[in-house]
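Heads up: the sequence shown begins at 60 in the numbering used here, then just goes up one per residue. First comes the structure, then the notes that go with it.
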Amino acid sequence: MWSDQQTVTSINQAQTSQPHFTGWFGLRCALVLVSLTLITGCQGHRSTEPPSGVVELTDANFHHEVMESKQPVLVEFWAPWCRSCVEMQPTLEGLTREFSGSVVAARLNIDEWPDIATEYGVDSPPVIILFRSGEVAKRRSGGQSLSELRELLTVTEANSKVDF
């Protein structure tokens with residue numbers, strides 16, 4: 060038969076062998092869990108799919124899509140880890156709708172095609188380069204809004220040409 064003292068001792072041993080999350084240790088665990096939840100939850104969906112209507116450039120199609128294009132081509136040199144680049148996806152979609160038929164919007168992943176990025180002096184995305192007849196016409200660095208991209212592309216309604 061167990062004495063009261065043995066019972067209390069057994070209960071105390073059982074309680075101390077179980078992990079508990081009180082005091083300073085519990086607070087640290089709670090902070091870590093909350094931090095991880097916020098970090099992963101606040102990043103949102105980061106799609107690497109090209110925006111609708113935007114040409115995805117590669118080493119194989121760059122020459123044809125950009126250098127041989129009859130229309131001006133606005134190329135975003137981007138990377139999937141670049142927040143400004145990812146945030147520009149809806150802007151590029153808006154650009155393709157607004158300038159449909161007069162300008163081609165395209166993007167090139169600098170991580171997948173570093174040789175092309177190096178050829179055009181791109182080392183930190185995003186970089187926007189406007190090509191006309193295979194030549195660099197204009198260049199901008201950093202994230203761009205739709206209105207900033209419109210400044211690059213001034214369309215004259217009379218002849219549907221893009222003025223540079």
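No residue lacks a Cβ here, since even glycine has one placed at the ideal position from N, Cα and C.
Below 7 Å CB to CB, which residues in the same chain sit around residue i once its five sequence neighbours on both sides are set aside?
| i | result |
| --- | --- |
| GLY201 | SER143 and PRO185 |
| THR99 | Bear in mind that the predicted position of THR99 carries a pLDDT of just 40, short of 50, making it unreliable; the figure below should be weighed with that in mind. There are no such residues. |
| CYS141 | PRO184 and PRO185 |
In its own chain, which residues sit with a C-beta less than 8 Å from the C-beta of residue i, not counting the 5 before and 5 after it?
| i | result |
| --- | --- |
| SER128 | VAL163, PHE190 and GLY193 |
Does residue i come out as helix, strand or coil in the three-state DSSP assignment?
| i | result |
| --- | --- |
| PHE158 | coil |
| PRO185 | coil |
| THR117 | coil |
| ALA176 | helix |
| LEU232 | This structure leaves residue 232 out entirely; the chain is present only between 60 and 223. |
| LEU212 | coil |
| LYS220 | In this predicted model, LYS220 has a pLDDT of only 46, less than 50, meaning its place in the structure is not dependable enough to derive any value. |
| GLU171 | coil |
| SER143 | helix |
| GLU127 | coil |
Let me know if residue i comes out buried or exposed under the rule of 16 or more other beta-carbons within 10 Å of its beta-carbon.
| i | result |
| --- | --- |
| GLU178 | exposed |
| GLN155 | First, the residue type needs correcting, since residue 155 is Thr and not Gln in the sequence shown. With 16 or more other Cβ atoms within 10 Å, it is buried. |
| THR232 | As shown, the chain starts at 60 and ends at 223. That puts residue 232 outside it, with no answer to give. |
| PRO173 | exposed |
| VAL195 | exposed |
| ASN168 | buried |
What whole-angstrom Cβ distance do residue i and residue j have, given they're in contact under 8 Å?
| i | j | result |
| --- | --- | --- |
| GLU152 | VAL113 | 7 Å |
| ARG166 | LEU211 | Actually they do not touch by this definition, with Cβ atoms about 15 Å apart. |
Residues in its own chain within less than 6 Å of residue i by CB, not counting five upstream and five downstream?
| i | result |
| --- | --- |
| PHE136 | LEU167, ILE169, ALA176, VAL181, PRO184 and VAL186 |
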